[in-house]
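Data first, discussion second: the structure below is written as structure tokens.
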Amino acid sequence: MKKFNFRKVLDGLTAASPVGSIGGGSGSGAGGSVHPGGTAGAAGTPREEIQETLTSDYFQICKTVRHGFPYLPTALAFDPVQKILAIGTRTGAIRILGRPGVDCYCQHESGAAVLQLQFLINEGALVSACADDALHLWNLRQKRPAILHSLKFNRERITYCHLPFQSKWLYVGTERGNTHIVNIESFILSGYVIMWNKAIELSTKTHPGPVVHLSDSPRDEGKLLIGYENGTIVFWDLRSKRADLRAYYDEAIHSVAWHHEGKQFMCSHSDGSLTLWNLKSPNRPFQTTIPHGKVQRDGKKPESCKPILKVEYKTCKNSEPFVVFSGGLSYDKPCRRPSLTIMHGKAITVLEMDHPIVDFLTLCETPYPNEFQEPYAVVVLLEKDLIVVDLTQTNFPIFENPYPIDIHESPVTCTEYFADCPPDLIPVLYSVGAKHKKQGYSNKEWPISGGAWNLGAQTYPEIIITGHADGSVKFWDASAITLQMLYKLKTSKVFEKQKVGEGKATAEIVEEDPFAVQMMYWCPESRIFCVAGVSAYVIVYRFSKHEVNTEIASLEVRLQCEVEDIITPEPETNPPFPDASSQLPSLKSLSGSTNTVACEGTMKDSIPCLSVKARPVRMPPGYQADLVIQLVWVDGEPPQQITSLAVNSAYGLVAFGNCNGLAVVDFMQKTVLLSMGTLDLYGSSDPYQRQPRSPRKSRQFAAGLTELSDSPVSLELERCKSPTSDHVNGHCTSPTSQSCSSGKRLSSADVSRANRRGPGRPPFRKAQSAACMEISLPVTTEENRENSFSRSRSSSVSSIDRDSKEAITALYFMESFARKNDSAVSSCLWVGTGLGMVIILSLNLPASDDLRQSEPVMVSPSGTVLTLKGAVLTFACLDCMGTLTHQPYEVWRDPHSADDGDKTRKRKLVMHSPSSSQDMGDHQFAVICSEKQAKVFSLPSQTCLYVHNITETSFLLRADVVTLCNSVCLACFCANGHIMTLSLPSLRPLLDINYLPVTDMRIARTFCFTNEGQALYLSSPTEIQRLTYSQEMCDNLQDMLGDLFTPVETPEAQNRGFLKGLFGGSGQAFDREELFGEATAGKASRSLAQHIPGSGGIEGVRGAAGGVIGDLTRARIALDERGQKLGELDERTASMMASAEAFSKHAHEVMLKYKDKKWYQF
């Protein structure tokens, strides 16, 4: 793209100019890299020393693969020869699944719901019918399917489609009751139409309703069975263009299924009945049953039941036929779950489902409809699941699903992504996770086994972690663009179950999901895992391969911040733990309801929200809880949600913060080291004596996402655009705005109470799933609206009250220089706040590892304060050569190992300290990114070397320092949809593309970058979308994707035998081409449907261009296009010959007419 070439030119311009400003791309505001003159010398002239290798040519963005269950499914199709499955959705998406690893996502541009899917069996093509009355032909013979043809109906609505096996003519039924025929090869309508008024009897006065079923007879392909909604069935002779027979039933028809011999068919009806019809006596069904209806004592017809929405009638050579249907349960059991019923002989089996049934298909051994079907499985598509039932075993077990379709088993609340992690982690996690697998699955192979997939060139290990609303955490193997569940951890098991009626019920604080995972922190090297929950707790987990029975250690931390005293800018008036009895709570939740916090009688104080199990707990191999830390109530006010989290295994410390302050805990000694309000962290540095910032209008920011301002979700999005809010993890950390507005009008007492409490405290609210965006945010007054949308950061008196609550938004442990001009590095904790302040805390650890368990760890403010614009999002550290410095860590050892009888074995620590030479030059670069700008500081001089203003009109949702191609860069995701990368340490813009509009807060909460140019986000409540910003991976992607189509021989039809061939009908002699072709049927009306050529051929070439099979693909598609052109040429030639013959004929007639006439007779 030209944009990248332009950036390459800018690379040189930025490096050459000491002070410069570069545009940050359309929509992202002005940006630039600033290098203050005269400061480079103090930093040892790093500009000359560090050679940055990344340029804009290394970057390109494309989506790679989508995992999870298709969101809002509507349609299902299966190719019995290729053995691949297609699922259509309400959003216009199609997911095509084969063997594990073969998973393809494609999307209709219109976004219209998919009504029906039909495979061209063993042809590598798929027809989709959409709710906008368009038919599309997809080419599946390329790794990224594309549309070859589209046909848009203008005057009629499509209701049902049928494509006979090995036919190129598609039958299309419409809402008006007409049946049209489409040529699949050219995607042009035939002139042959079956009009509804011709199909029904002339004596019938009412319209039969829409076409709900179309199928050709298994016995004779020249006969078409048409089912109308009102109960009319027409058996149409395509050759003679008339109805052979008509059948009528009182109840509406939902589906029709043939017996393979073509003499009988079965219908399902709206009263829960199944009717079996014989073609020889169509006056009435020869068998009517209501499978789930109660038999009346007086012999009357059984009572009606719920509609049977679909029925399939499959025959077996050596046993009774299978009748499979969905629905049909009796009305007297309203609480019964959705069910699938399997009738085999006299046995009736009802399989209850967890979710409503969308569709189902019976998988059979043969694709030929006129042979014994021999069904072996049933694929059932539910609203939120996909199951396959084994029909070959009498108890009908289900197959173990190899696809990662249970991501949404509990709504996803947060995600983390790790690429190029230690290779031993995946087998270790899998080994402990495999022990918890369910039993009772079918022992047969997964039947959806089509396509081909290989590992590809990229083989580094990748792990995705998802946190869920029920407190569970899932670890997934994401290597080589696949996804497989490794291990599931249930964090709620460390707590007692909440009993109904308990005085300390969590429902007072969190309406539901009290164990929802809010943040996660994982150190892959030490295998330390930490979780922050919505009920204000942190759990530290250690990994062990051994089962253990032990008590869970727990700590309680009191974090509070007095609002009234802070308004005055003198820091000495702020005691560490002032009395907050005047702060009566005013809690409001996002759902618009006001919670009651204080109990009757006594005020809650110094009690946590949940109860940790006091008895010894059995912990299976895997992650085992080492320490639970809970924030407690303070004077009747609940603890605030945790907004930042960091763990370091080498130091043995965990740090977390919220809008009140910071806590640091020693998880080795199980002691609280620090529990301090944010303002107290500054030490002698007065946080209000900062550079004044010019006030801006409170609604100035609204230009960034104005197109979203029409929905409740967009209100949430606009409100979340505060520069001091971090909504990546689904929680508000705003110190400058009232975080949640309630639909309840506040009384004057409530208002005064809220004012005493201070506007900066985000209320405790229910756990919001990152996938569940039904958030109502009614705003009661215009004043509240202005307050919730406020963006002001001015140093005026009015803003001091808002700035009084400063949330901790980022934490980072590293070996660094805590103070200016320190001669050696020391252990530090970098703390970032919602006001853009960076505070460095010194950590004084015991000198020797022997004393670590006994000597106390000291944490103290260093006095160093750095500033940025906007809430701080992330930190990183580079050495003097510009290489990313990893945090120190302890090499993992099993805490319950059998050979470790004594506890004296030394810990093995890996410290990535910069080399300290004798000269006074700087040895380290600190990279700090806020939601507005990025800065690089040289340490220990604390000189700001580079500044880049990332955005003015919007704000960053996520920023990560990542490695790519053995180098390092800063990757940013902006609320206006831009994805950007900046070089390090010079902060040159390398990529800026408006790629992903934040149409949903779910994207903002779950987006994350990782190494090797990869990223992910939750594209729907049930699906994870992965993408890459690496040019190299975009080039190699074609080789990594699976093949949907593989050459497979179509099975031969069974020998019908002499007698069957003689008496079994004339199906083989039926020539559809002759009947439906233009020569016989003529052309269809142009106004009826519009043909739209697709871009399948071109996209196929582009998609394969980067792969090793690019040449073959191009040649194949070129041949296809040549064949199409030759076909068009043949048609034109035939047309010209026909017109020439017609002209010759007319000329001959004229000649004969006037041949014998004299000149005076003209």
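The sequence shown begins at 398 in my numbering and counts up by one. Backbone N, C-alpha and C fix where the C-beta goes; we use that ideal spot for every residue, glycine too.
Selected residue, minimal CA-CA separation from residue i, among the options
| i | options | result |
| --- | --- | --- |
| L1240 | Y838, L1226, F1406 | L1226 |
| P799 | P1337, D500, C1405 | D500 |
| E626 | V1014, Y646, I1004, G619 | Y646 |
| L635 | N1346, E1471, Y765 | E1471 |
| C927 | H943, S1072, G864, A1544 | G864 |
| R1290 | I861, E842, R924 | R924 |
| S1417 | I481, K1010, Y455, A490 | A490 |
| P1036 | E944, P1013, S1003 | S1003 |
| W1030 | T1040, P1005, G574, S1046 | P1005 |
| Q1066 | D1276, C1056, V937 | V937 |
| Y1020 | I1236, H1293, T1230 | H1293 |
| L880 | I862, L886, E1203 | I862 |
| C664 | H689, R694, I705 | I705 |
| Y1426 | V1395, N1391, V1445 | N1391 |
| G599 | E618, V579, A640, Y568 | According to the sequence shown, residue 599 is Leu rather than Gly. If we check each option's Cα against that of L599, A640 comes out closest. |
| I1236 | V1365, V1395, G690, G1058 | G1058 |
| V462 | D910, L1306, A877 | A877 |
| C1371 | V1365, G1233, R1402 | R1402 |
| V785 | L760, R955, E806 | L760 |
| D751 | E806, A774, G725, V775 | E806 |
| I949 | E893, K942, A1368 | E893 |
| R487 | I481, H464, L514 | L514 |
| P1386 | R1399, M1398, L1367 | L1367 |
| A526 | L1265, G570, D613 | G570 |
Strand pairing of residue i, partner residues [DSSP]
| i | result |
| --- | --- |
| L354 | Missing from the structure shown is residue 354; the chain here goes from 398 to 1559 and no further. |
| Q1487 | K549 |
| V340 | A question about residue 340 goes unanswered here, because the residues of the chain that appear run from 398 up to 1559. |
| G465 | E1420 |
| P607 | Beta-bridge pairing links P607 to no other residue. |
| Y1343 | V1333 |
| Y1020 | F940 |
| C1056 | Paired residues: none, contrary to the question. |
| D1468 | Partner(s): none; D1468 has no beta bridge. |
| G1074 | G1058 |
| W919 | F926 |
| G485 | A472, I491 |
Buried or exposed by the 16-neighbour rule on C-beta atoms within 10 Å, applied to residue i
| i | result |
| --- | --- |
| N792 | exposed |
| G1049 | buried |
| R496 | buried |
| P808 | buried |
| G1497 | Because the pLDDT of G1497 is 43, which lies under 50, any placement of that residue in the model is unreliable, and the number read from its coordinates should be weighed accordingly. It counts as buried. |
| Q1027 | buried |
| E842 | exposed |
| M1534 | exposed |
| I650 | buried |
| T1075 | buried |
| G930 | buried |
| G1279 | buried |
| V775 | buried |
ask   = Taking only runs of the beta strand (DSSP E) that begin and end inside the stretch 1213–1298, which ones reach a length of at least 3 residues, in chain order?
value = Unbroken beta strand (DSSP E) runs of no fewer than 3 residues, entirely contained in the stretch 1213–1298, are found at 1223–1230, 1234–1241, 1255–1264, 1269–1276, following chain order.
ask   = Hey, which unbroken runs of the beta strand (DSSP E) at 3 residues or more fall wholly within the stretch 625–711?
value = If only uninterrupted beta strand (DSSP E) runs of at least 3 residues are considered, those enclosed by the stretch 625–711 are 629–634, 639–645, 650–655, 661–666, 671–675, 684–686, 705–711.
ask   = Is the stretch 473–486 in contact with the stretch 1430–1438, if contact means three or more CB pairs nearer than 8 Å?
value = Between the stretch 473–486 and the stretch 1430–1438, the count of Cβ pairs shorter than 8 Å is below three; the stretches do not touch.
query = Does the stretch 779–792 come close enough to the stretch 1403–1416 to have 3 or more Cβ pairs within less than 8 Å?
reply = Contact between the stretch 779–792 and the stretch 1403–1416 is absent, because fewer than three Cβ pairs lie under 8 Å.
inquiry  = For the stretch 761–768 against the stretch 1369–1379, do three or more pairs of beta-carbon atoms, one drawn from each stretch, fall closer than 8 Å, so that the two count as touching?
reply    = No: fewer than three Cβ pairs fall under 8 Å.
message = Check whether the stretch 1322–1340 and the stretch 1270–1284 are in contact - that is, three or more C-beta pairs closer than 8 Å.
response = These segments touch.
request  = At 3 residues or longer, and completely inside the stretch 812–878: list those beta strand (DSSP E) runs for me, N to C.
outcome  = Annotation note: the stretch 812–878 contains the following uninterrupted beta strand (DSSP E) runs of length 3 or greater, listed N- to C-terminal: 859–865, 869–874.
query = For the 8 Å Cβ check, are there 3 or more pairs between the stretch 591–599 and the stretch 553–562?
reply = In short, these stretches do not touch, since the Cβ pair count stays below three.
query = In chain order, which beta strand (DSSP E) runs of at least 3 residues are fully inside the stretch 527–598?
reply = Along the stretch 527–598, the beta strand (DSSP E) occurs as fully enclosed runs of 3 or more residues at 531–536, 543–550, 555–559, 566–571, 576–580, 585–591, listed in sequence order.
ask   = Is the stretch 816–833 close to the stretch 774–781, with three or more CB pairs under 8 Å?
value = Using a C-beta cut-off of 8 Å, the stretch 816–833 makes no contact with the stretch 774–781, since fewer than three inter-stretch Cβ pairs fall below that distance.
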